[in-house]
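When we follow numbering that gives the first Met the number 0, the leftmost residue of the sequence shown carries the number 0, and every step to the right adds one.
Beneath this line is the structure, given in structure tokens, with notes to follow.
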Amino acid sequence: MSTQPFNAAEHQASTLYLPPGTWLTVLDCLCEHFRAISREQWLDRIARGRVLDANGAPISLQLAYKEGLRIHYFREVPNETPIPVQETILYADEHLVVADKPHFLPVTPAGEYVEQTLLRRLIRTLDNPHLVPLHRIDRHTAGLVLFSANPDSRSAYQSLFPTRKIDKCYEAIARALPDLELPRVHKSRLVEGEPFFRMQEGPGASNTETLVDVSEKNGELWRYALYPVTGKKHQLRVHMAALGAGICNDPFYPDVIKDAVDDYANPLKLLARSLRFVDPLSGEERYFESRIHLDW
0 MSTQPFNAAE HQASTLYLPP GTWLTVLDCL CEHFRAISRE QWLDRIARGR
50 VLDANGAPIS LQLAYKEGLR IHYFREVPNE TPIPVQETIL YADEHLVVAD
100 KPHFLPVTPA GEYVEQTLLR RLIRTLDNPH LVPLHRIDRH TAGLVLFSAN
150 PDSRSAYQSL FPTRKIDKCY EAIARALPDL ELPRVHKSRL VEGEPFFRMQ
200 EGPGASNTET LVDVSEKNGE LWRYALYPVT GKKHQLRVHM AALGAGICND
250 PFYPDVIKDA VDDYANPLKL LARSLRFVDP LSGEERYFES RIHLDW
């Protein structure tokens, strides 16, 4: 048995501390606690080693129930729909992985997406269960995502983001703003909006900041260079909509497109184009650039 403690976050497992009850086995507790999942499904997961104890060992069907017992389980979506896009690994060493994420592919498991995520695909490709994303980009956004490949050096790379020691450049295509002086810095306070998956600008001190510039003009559409100082959810999408230039093909901003389905021929025109930072281990300057191109 491994002497390393099991880390549920690294293995992308969910954790449950068993609630008070009178069940005889952990299996009985799970069936009652998760009524949407059938007993047959739990039997199958346990048989395949997809339910683990606090040490990361597969549980048995007979494992006795005990209040507060820590159990790890892997979320599964039956008949998960394949996402017909392909990621690219731009760089990989023992500490760091840089991937070019296509539009529509989630970075991590959430909702209806579990196996069809960038993280799960990379874990399988690189055979490295220790991969953890160092930051996130939206499912609708394409471009660069950094992953830590080694728990021993993870904190060094994670610290680049809260200390703002990493320069991020995004690219977006949106309608022209000829009456707006560019470049300009847009600051605002982002708060949760309606519906629940949206963000909106609200009153109060700003908690987001983006430098907006134009890099190319093409009639009624411009290609913008966006440099986020902060990294709030949907920040760039909200800021561009607030300036009067909602990003092309955005299903959420400025208005929600009801019952929108993924249109692979017309993705959101937003790309995480480049990342620059000084490697905290080697001291060398690192620069990565996406190979994805946003067409007009």
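For glycine and all other residues, C-beta sits at the position ideal for the given N, C-alpha and C.
Just so it is clear, the structure is predicted and the values come from calculations on it, not from any experiment.
- With fewer than 16 other Cβ atoms inside 10 Å of its own Cβ, residue 61 counts as exposed.
- In the structure shown, residue 88 falls within a strand segment according to DSSP collapsed to helix, strand and coil.
- Sorting 68, 159, 47 and 243 by C-alpha distance to the C-alpha of residue 178 places 243 at the top.
- Secondary-structure assignment with DSSP links residue 220 through a beta bridge to 174 and 217.
- Its chain contains 103, 104 and 115 as the residues whose beta carbon lies nearer than 7 Å to that of residue 82, once the 5 sequence neighbours on both sides are disregarded; these appear in chain order.
- Counting the other Cβ atoms within 10 Å of the Cβ of residue 292 gives fewer than 16, which makes it exposed.
- Under the three-state reduction of DSSP, residue 238 is assigned to helix.
- Closest in alpha carbon position to residue 206, among 93, 33 and 238, is 238.
- Residue 117 has its alpha-carbon roughly 34 Å from the corresponding atom of residue 219.
- A straight line joining the alpha-carbon of residue 202 with that of residue 193 spans about 16 Å.
- Distance from the CA atom of residue 95 to the CA atom of residue 148, rounded to whole angstroms, is 5 Å.
- The alpha-carbon of residue 46 is positioned some 8 Å away from that of residue 59.
- The Cβ atoms of residue 74 and residue 13 lie closer than 8 Å to each other.
- Residue 156 carries a helical assignment under DSSP once its states are collapsed to helix, strand and coil.
- Here the region 129-145 makes contact with the region 153-170; the two share three or more CB pairs at distances below 8 Å.
- Under the three-state reduction of DSSP output, residue 247 falls in the coil class, being neither helix nor strand.
- Around the CB of residue 245, 16 or more other CB atoms lie within 10 Å, so the residue is classed as buried.
- Residue 36 carries a coil assignment under DSSP once its states are collapsed to helix, strand and coil.
- In the three-state reduction of the DSSP assignment, residue 96 falls in the strand class.
- Excluding residues up to 5 positions away in sequence, 100, 106, 142, 144 and 271 lie with their Cβ nearer than 7 Å to the Cβ of residue 136 in the same chain.
- Under the DSSP assignment, residue 275 falls in the beta strand (DSSP E) whose first and last residues are 269-277.
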